[in-house]
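Student: The numbering of the sequence shown is the working numbering, which starts it at 511 and goes up by one.
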Amino acid sequence: MKKNTIIILTCLLISLSSALFAQNARFTTEGVIEFERSNNMYAMIQKRIDKNNEGYMNQFFEQFKKTSPQFKLTKSTLSFSNQTTLFKPVTDNAPAVPFFGEDPSVSQINTTYTDLHTHQQITQKKVFEETFLVKDSTRTINWKITNETREIAGFNCRRANALIMDSIYVVAFYTDQIPVSGGPESFTGLPGMILGLALPHENVTWFAKNVTDRPVDNNNLIPPAKGKATDNKGLKLTLTNALKNWGEYARSMYKSFLL
C-alpha cells in the first residue's frame, strides 16, 4: 500500500511540474532571426569537373584551395510578426568567388515576403541583370517529420525531410517554441519556425545564429515592390527560354533561380 502511495505521489508531482513548465514556457511570436548561409565551394567545384574539362579545371581547383576558403558564408535576416515574415539578404561586400561570379548557386538573390494566413508570397528576385517581382502562392511541401532533434540558437528543434522540384532533397529543423510556420527563403509549412535548412546534394545550408525576441514594427514587414511582375509559371518560362543554350549548366542555374 505504501509503495502504491509513493508511485501515485510521484506521478502527481511529475504532472504538476509539467503543467507549471507549460504555463511558464516562452513562445516567441515576434522577432528577428539572423541566418548564416554556407556554400561548400570545394564540393561544388568538384561536381563541375568532368572528362571534357578536367585538364584546366583540376588546375583551377588546386589553385582555388590555396587561395580561397572551403565555405562561402553569407548573412540574411528573417523578421516575423505573428503570421507574416520577411526574409532579406544582408549585403555581401566580399569579392565574387573565382569562376562562379554572380552564379545564383552561391549568391543570395531573393527578398521574400510571406503571408502565412493567405499562403501568399511576394519575392523580389535578381536574375542576372534583371529584377523580377514574383507573386504567387507558397510552395506546397510534403514534409515528413522525424524523431531526430537538435538544438539551434538555443531552441529545441525537430527534423523534417522533403523533396522539392522533383529532385532537390531538403532537410529542415523547426521549433514549435516559435509557433510561426515560416523559414528562410521560400520554405514554409512546418508546425513551427525553421531554424536550420540544408540541401545536402546542392552543398548549401542555412542555420540560425541568433533569435531576437522583440516586437516588429509593421514598417519592417513591407513586401518588396520593385521588379518586373510575374508569377512562378511566368518565371519558369522566362528561365527556360534564357537558358536553352547553356548546356549542362542550365539545370544548375534553373534550380538555383527557382528556390
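Glycine residues also receive a C-beta, built at the ideal position from the N, C-alpha and C atoms.
Which residues mark the beginning and the end of the beta strand (DSSP E) in which Ser691 is found?
Tutor: Ser691 -> no beta strand (DSSP E), and no H or E assigned at all.
Student: Alpha carbons only, please: which of Val681, Arg558, Thr587 and Lys635 is nearest the one belonging to Thr656?
Tutor: Nearest C-alpha to Thr656: Val681.
Student: Tell me which same chain residues have a C-beta within less than 6 Å of the C-beta of Thr648, skipping the five on either side of it?
Tutor: Excluding positions up to five away in sequence, the list reads His629, Gln631 and Thr698.
Student: Measure the alpha-carbon distance for Ala553 versus Pro599 and round it to whole angstroms.
Tutor: Spanning the two alpha carbons is a distance of roughly 23 Å.
Student: Nearest to Val607 by CA position, among Pro579, Ser589 and Phe590, is which residue?
Tutor: Selected option, being the one with the closest Cα: Pro579.
Student: Which residue wins for smallest C-alpha separation from Glu695, given the options Asp727, Leu626, Leu596 and Asp625?
Tutor: With distances taken between Cα atoms, Glu695 lies closest to Leu596.
Student: What's the call for Thr650, buried or exposed, on a 16-neighbour Cβ count within 10 Å?
Tutor: Per the 10 Å Cβ criterion, exposed.
Student: Entirely within the segment 646-700 and at least 3 residues each: give me those beta strand (DSSP E) ranges in chain order.
Tutor: For the segment 646-700, whole beta strand (DSSP E) runs of length 3 or above, ordered along the chain, are 654-662, 665-674 and 678-685.
Student: Between Lys719, Lys636, Ser691 and Asp602, which has its C-alpha nearest Thr748's C-alpha?
Tutor: When each option's Cα is compared against that of Thr748, the closest is Lys636.
Student: Whole angstroms is fine: what's the gap from Val690's alpha carbon to Tyr566's?
Tutor: Going by the C-alpha atoms only, they are around 48 Å apart.
Student: For Phe545 versus Ser586, is the C-beta spacing smaller than 9 Å?
Tutor: Against a cut-off of 9 Å, the Cβ pair of Ser586 and Phe545 comes out as a contact.
Student: Look at the Cβ atom of Ile678, then the Cβ atom of Leu705, and state whether they are nearer than 9 Å.
Tutor: For Ile678 and Leu705, no; Cβs fall outside 9 Å.
Student: What number of angstroms, rounded off, separates the C-alpha of Glu639 from the C-alpha of Ile674?
Tutor: The straight-line gap from Cα to Cα measures roughly 27 Å.
Student: For Leu731, tell me which candidate among Asn603, Thr621, Phe609 and Pro614 has the shortest Cα-Cα distance.
Tutor: Nearest C-alpha to Leu731: Thr621.
Student: Identify the continuous alpha helix (DSSP H) that holds Gln634 and give its terminal residues.
Tutor: Looking at the DSSP string, Gln634 is not in any alpha helix (DSSP H); the run it does join, the beta strand (DSSP E), is Gln630 to Val637.
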